[in-house]
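*Asks:* According to my numbering, the stretch in the sequence shown is residues 180 to 340, in order.
We put the beta carbon where it would ideally sit given N, CA and C, even for glycine.
Everything numeric in this text was worked out from a predicted model, so none of it was measured.
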Amino acid sequence: MTDDRIPMTREGYDKLKVELDRLRGAEMIEITKRVAAARDLGDLSENAEYHAAREDQGILQARIDALSDRLSRAVIVDTSNLPKDTVAFGSKVRVLDVDVDEEETFELVSPGQENPDKGRILTGSPIGQGLIGRKKGDTVEIQVPSGTIKFKILEISSANI
180 MTDDRIPMTR EGYDKLKVEL DRLRGAEMIE ITKRVAAARD LGDLSENAEY
230 HAAREDQGIL QARIDALSDR LSRAVIVDTS NLPKDTVAFG SKVRVLDVDV
280 DEEETFELVS PGQENPDKGR ILTGSPIGQG LIGRKKGDTV EIQVPSGTIK
330 FKILEISSAN I
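Right under this line is the structure:
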């Protein structure tokens, strides 16, 4: 795990906290009951139900650990205090893809809020990192896994996050 701070809105933080509480509570109790019931079936070395329940328990614990880590590194950001003329966390950015002459819109969000199909990208993503700190009118070349893309920033506004 890393010690990088993760910017989040209060709403995003609260949403992740509710999810963590649900996982630690109801879901962990249910899986623990499954493990106990499977253990009562006898020989553990040949007990498929027991091994499946333990695997599910391990997967759930990994999700809990990841959420706990994310929340422990969260920095609550009031997006109303962010600059409106510079791309930052919480910005909605309309860009022109110079190479294909198409406009795209991105909202820079924190983990748990991302949805690339709707243009909601992480601030830590290659595109997010390439846009952060830029201003309207800037042209930026961003290295992405498929090559280099060139965007011209057309508009910056506050995202609805």
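What are the complete beta strand (DSSP E) segments, minimum 3 residues, inside the segment 215-303?
*Replies:* The qualifying runs are 253-255, 270-276, 281-288 and 299-301.
*Asks:* Taking just the CA atoms, how far does D278 sit from G269?
*Replies:* Between G269 and D278, the C-alpha separation is close to 26 Å.
*Asks:* Is Q322 buried or exposed, if buried means 16 or more other CB atoms sit within 10 Å of its CB?
*Replies:* Exposed.
*Asks:* Please report the distance separating the alpha-carbon of M180 from that of R249.
*Replies:* Any reading at M180 must be qualified, since the residue scores a pLDDT of 45, below 50, and its modelled position is unreliable; the value itself is stated next. So the alpha carbons of these two residues sit roughly 9 Å apart.
*Asks:* For P186, does the three-state DSSP call read helix, strand or coil?
*Replies:* Three-state result, P186: strand.
*Asks:* Please report the residue range of the beta strand (DSSP E) in which I332 lies.
*Replies:* Taken as a continuous stretch (DSSP letters only), the beta strand (DSSP E) holding I332 covers G326 to S337.
*Asks:* Under DSSP, the beta strand (DSSP E) around I321 begins and ends at which residues?
*Replies:* Note, I321: beta strand (DSSP E), T318 to V323.
*Asks:* Rounded to a whole number of angstroms, what is the C-alpha to C-alpha distance between F330 and K315?
*Replies:* So the two alpha carbons sit approximately 11 Å from each other.
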